[in-house]
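Some notes on the structure that comes next.
Numbering (the UniProt record's numbering), first residue to last: 1 to 320.
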């Protein structure tokens, strides 16, 4: 049944509407930011890779090993090809069970190239907690470090094997190939032998998921949060693009990444923003003063000048 408002009710509504003050819209004096949310996340972040091929992109703080933008972009594509060879495709989930390291970034972007979804987990969680996220996310493969493989041998997990059977678990470890645990695949081995040319053409929508981080459980049990390509592109653009960015990252800068990448703030506002801005990311597994001093000592000169400027840091900066 259709109800029609009485004439007096319509007149009363019009009177109220005319009595309301005119709306005022405040606009910034700066031009709008162009947000290319139609681009896949990896394409957006690596947009400057062609013009900065020899600029540093990823730095392993522990060793000083530096990967240029050209090297990083190529490694991410090779990682995508390696994952594809293992049966990972568009919409599949890849669990990254790592502390901050170069391999974390390469695995994340590699999954993005395929249209797959990365779900990062804290490697210090219990086997049961890791298993719960693994099952809930529907992950197909786990990328981790040898030190955490024993957690994946817990009775709640399927048997680790390279066979790829439905009743087995595929685990890739990032350590030296010679120390790869039984049943696991060596990350650098499969990435190094992968063929970029074998990457399939993937149509990725801005609404496709690219990351599935889990909440910390402040107000309840941890929950998976679906983050799309378009959503993360928009978030990064608001932070580093335009004439008045929130984060003043630029080419030649080095962002020290100590906050864990398995938390979305670090992944989004450090790694993704730095790569988009053409800056380098120095990756530290965890905060440790000696390692920090060594990393800063290998960094650009302004880092050392900053350390020497502050008396409290002289005791360790002088040794670098």
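Beta carbons: idealized from backbone N, C-alpha and C, even for Gly.
- The continuous alpha helix (DSSP H) containing residue 107 extends over residues 102-114.
- The DSSP-derived three-state label of residue 271 is helix.
- Counting of Cβ neighbours within 10 angstroms places residue 26 among the exposed residues, the total staying below 16.
- Between the C-alpha atoms of residue 118 and residue 262 there is a straight-line separation of about 10 angstroms.
- In the DSSP assignment, residue 93 falls within the unbroken beta strand (DSSP E) covering 93-97.
- Contact between residue 97 and residue 232 is ruled out by a C-beta separation of about 21 angstroms, above the 8 angstroms threshold.
- In the same chain as residue 216, and ignoring 5 residues on each side of it, the C-beta atoms closer than 7 angstroms to its own belong to 222, in chain order.
- Counting along the chain, no alpha helix (DSSP H) covers residue 144; the unbroken beta strand (DSSP E) around it starts and ends at 139-144.
- Using a Cβ distance threshold of 8 angstroms, residue 100 and residue 283 count as a contacting pair.
- Beta-bridge partners assigned by DSSP to residue 123: none are found.
- For residue 68, the enclosing beta strand (DSSP E) starts and ends at 66-68.
- A contact is defined here as three or more CB-CB pairs under 8 angstroms, and the stretch 170-186 fails this definition with respect to the stretch 121-135.
- Between residue 80 and residue 272 the beta-carbon gap is near 17 angstroms, outside 8 angstroms, which marks them as no contact.
- Annotation: residue 276 to residue 46 spans about 6 angstroms, alpha carbon to alpha carbon.
- Residue range 168-173 is occupied by the beta strand (DSSP E) that includes residue 172.
- Residue environment: residue 229 is assigned as buried (16 or more neighbouring CB atoms within 10 Å of its CB, all protein chains considered).
- Under the DSSP assignment, residue 257 falls in the beta strand (DSSP E) whose first and last residues are 254-257.
- For residue 184, there is no enclosing alpha helix (DSSP H), as DSSP marks it with neither H nor E.
- Under a 10 Å Cβ-count criterion, residue 292 is classified as buried, with 16 or more other Cβ atoms of the shown protein chains found around its own Cβ.
- Following the DSSP letters along the chain, one finds residue 149 in no beta strand (DSSP E) but inside the alpha helix (DSSP H) bounded by residues 149-152.
- Note that the stretch 75-91 touches the stretch 106-123; at least 3 beta-carbon pairs, one per stretch, sit closer than 8 angstroms.
- The alpha-carbon separation between residue 24 and residue 30 amounts to approximately 18 angstroms.
- When beta bridges are read from the DSSP output, residue 249 appears opposite no residue.
- Contiguous beta strand (DSSP E) elements confined to the stretch 23-60 occur at 56-60, taking only those with 3 or more residues.
- Residue 159 has 168 as its beta-bridge partners, per DSSP.
- Here DSSP, grouped into helix, strand and coil, assigns residue 218 to coil.
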